[in-house]
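All remarks here apply to the structure that follows.
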RNA sequence: UGGGGCGUGGCCAAGCGGUUAAGGCACCGGUUUUUGGUACCGGCAUUCGUAGGUUCGAAUCCUACCGCCCCAGCCA
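Numbering (my numbering), first residue to last: 193 to 753.
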């Protein structure tokens with residue numbers, strides 16, 4: 193390794209990793225220390241996954257470490273349920289914080305001391321202005337603010353008032369502690385920002401120990417300093433806060449000097465990624481819960497059958513930059529398909545069954561045929577699939593009057609039943625309403641396994657399930673939760689909900705090998721897509737979720753017309 | 001009208017004064033194929049928001065302009 197090289201030279205490149213390489217080369221630290229700092233007020237979503245992969249990824253690549261730190265400074269919004277789900281989701285994603293699990297609330301004592309330190313230094317004061325008054329005094333984006341009438345209080349008076357705030361002598365909102373910086377700053381965050389507010393609320397971890405709580409700004413940088421974080425990576429909207437972050441680090445006797453860097457948050461088409469919106473979708477019942485497979489939450493992706501490695505791969509592909517970016521969902525789905533193609537066992541399932549009777553196959557008899565479990569992985573082996581006189585095929589694999597490009601079954605046409613036989617449609621049976629209810633076919637016994645000894649070819653191979661051996665199942669098909677790529681772009685986001693985002697199919701026919709599929713194992717239903725068992729599964733009623741469809745050239749051609 | 005950012009193909013994104021302007025997704029062909037899947041091959045920016053300037057040479061440097069995003073919570 194030459195001296196211009198640093199660890200992880202072969203790894204991902206982005207402007208943050210470049211900064212770390214430069215810092216390492218300059219000897220500013222031995223190894224980077226990062227942190228993922230969620231507020232426990234909701235479930236983690238794929239936007240968080242981008243940050244998790246960045247922070248934990250950097251630690252892994254450069255031989256540093258990454259802390260999991262809960263930013264729990266607002267007890268009115270935070271809950272234990274979220275603290276637990278967040279840890280489970282980070283682990284599921286594949287990352288480990290080791291011993292480094294922290295809570296900003298663990299630092300409340302030190303934060304309080306630092307607040308008094310600022311008061312002693314004449315750099316903070318207790319302000320009695322109401323929230324509305326403070327808004328007036330703050331000025332606007334283009335006009336400077338005015339100084340609070342309480343800004344000139346003596347150090348002793350400030351100390352006394354602040355201690356009484358802590359002692360619970362005042363009601364919520366009566367007073368706040370503010371930094372004394374610059375009411376004329378163009379950066380509104382520097383106009384004497386609030387450091388502490390009175391909140392008589394029970395905290396999920398500290399209980400009733402406190403009735404004043406530090407704000408995000410007064411907590412984050414100092415927590416970073418306490419934990420010796422070297423690179424505090426956050427999203428773009430905090431860029432404006434960096435001067436305040438630095439001001440606090442400079443004016444407090446903190447044990448280290450962390451620096452903040454900002455990157456663009458993730459956006460995805462047909463998706464909404466704001467906590468506020470996700471909470472609304474859940475609480476208003478537009479989805480079934482935080483783990484609804486239509487949600488971009490990590491628990492939603494898990495239930496839908498997305499492998500965590502697919503999400504990591506997605507994070508790696510999208511990169512890290514400072515430009516506002518909206519990824520197409522297709523890119524995420526491509527990551528899932530790529531991984532699942534290599535790993536998912538192939539099975540046959542008929543979602544919308546059409547009965548087929550093989551007229552020249554003996555009634556009451558059956559046989560077993562070998563089917564490959566995964567053509568991408570020979571070690572996955574083969575399984576036995578039963579075949580008999582009565583079968584089901586997919587309704588859309590038959591057309592009575594097919595257009596020229598339709599290769600599947602039609603009257604008089606021969607196709608292959610995968611791993612079984614060539615069959616020819618001899619008769620179409622309809623009900624009184626004219627609906628096709630059954631097909632009569634003949635099979636060629638010489639084509640057993642799917643090849644014709646005389647070398648003749650067929651243009652299509654269909655999946656099928658033997659009627660007598662089939663398992664009935666429920667299959668849930670998911671589509672984008674929102675009907676337009678940019679939900680809410682003109683109007684209420686909720687108006688853009690896709691009414692067809694969930695389609696529940698019952699009476700689906702599965703090949704018997706699916707009965708003992710491990711409950712969390714992804715499978716590919718041949719020619720249809722990737723599916724995974726849902727927790728609602730019971731032995732009496734198997735339930736599968738569709739993770740992703742297969743690419744479908746035929747569907748694409750049809751859509752094109 | 002203040003402050004902070006960002007503008008490279010449909011969507012991301014490399015590029016850091018001299019390369020034919022990486023790569024992925026998407027799209028369009030074609031080959032293989034017992035999944036209209038996969039894999040493989042090929043195509044897809046004479047141009048980097050615009051206009052000037054510096055330079056032998058600019059996506060990269062300078063100037064001006066244009067467009068987009070964020071900030072006026074005692075949320076994070």
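The beta carbon of each residue, even a glycine, is placed where N, CA and C say it ideally should be.
Residue environment: residue 415 is assigned as buried (16 or more neighbouring CB atoms within 10 Å of its CB, all protein chains considered). If you compare the alpha carbons of 450, 299, 429 and 316 with that of residue 386, the shortest gap goes to 316. Scanning its chain for C-beta atoms nearer than 6 Å, with the 5 sequence neighbours on each side dropped, one finds around residue 578 the residues 558, 560, 658 and 661, in chain order.
The Cβ-Cβ distance between residue 235 and residue 475 does not fall below 7 Å. A distance of 7 Å or more separates the beta carbons of residue 600 and residue 541. Taking 8 Å as the upper bound for CB-CB distance, residue 445 and residue 309 are in contact here, some 7 Å apart. Apart from the 5 residues on each side of it in sequence, residue 604 sits with its Cβ closer than 8 Å to the Cβ of 616, 617 and 618 in its chain, given in chain order. When the alpha-carbon of residue 407 is set against those of 420, 425, 231 and 684, the nearest one is in 231. In this structure residue 674 is in contact with residue 464, their Cβ atoms being roughly 7 Å apart against a cut-off of 8 Å. Rounded to the nearest whole angstrom, the C-alpha separation of residue 318 and residue 216 is 42 Å. Considering only 457, 458, 708 and 487, the residue with the shortest C-alpha distance to residue 471 is 487. Looking at 219, 505 and 567, the one whose alpha-carbon comes closest to that of residue 523 is 505. Two segments are said to touch when three or more pairs of C-beta atoms, one from each, lie closer than 8 Å; by this definition the region 687-705 touches the region 664-673. A Cβ-Cβ distance of about 26 Å is found for the pair residue 753 and residue 738, leaving them out of contact under the 8 Å criterion.
With distances taken between CA atoms, residue 329 lies nearest to 374 out of 374, 356 and 740.
Put simply, of 748, 707, 320 and 648 the residue whose alpha carbon is nearest the alpha carbon of residue 734 is 707. In the DSSP assignment, residue 425 falls within the beta strand (DSSP E) that extends over 423-427. Counting of Cβ neighbours within 10 angstroms places residue 750 among the exposed residues, the total staying below 16. Across the set 379, 376 and 351, the C-alpha of 351 shows the shortest separation from the C-alpha of residue 367. Boundaries of the alpha helix (DSSP H) harbouring residue 248: 238-253, taken from the DSSP string.
A buried status is given to residue 423, since no fewer than 16 other beta-carbon atoms sit within 10 Å of its beta-carbon. Residue 275 has its alpha-carbon roughly 15 Å from the corresponding atom of residue 259. Here residue 359 is exposed. Its C-beta has fewer than 16 other C-beta atoms within 10 Å. Here residue 685 has 464, 469 and 679 as same chain residues with Cβ atoms under 7 Å from its own Cβ, once five neighbours each way along the sequence are excluded.
DSSP lists 628 as the bridge partner or partners of residue 622. By the Cβ rule, the region 223-230 counts as touching the region 247-266, because three or more pairs are nearer than 8 Å. Across the set 687, 566 and 549, the C-alpha of 549 shows the shortest separation from the C-alpha of residue 580.
In this structure, the beta-carbon distance from residue 287 to residue 262 does not fall below 7 Å. A Cβ-Cβ contact shorter than 7 Å links residue 634 with residue 551. Here the C-alpha atom of residue 458 lies approximately 17 Å from the C-alpha atom of residue 282. Per the DSSP secondary-structure output, residue 700 pairs in a beta bridge with 665. Rounded to the nearest whole angstrom, the CA to CA distance from residue 204 to residue 307 is 40 Å.
Check the Cα spacing between residue 725 and each of 676, 320, 241 and 702: the tightest is with 702. Listed in chain order, the alpha helix (DSSP H) elements of length 4 or more contained wholly in the region 427-486 are 434-443 and 467-475.
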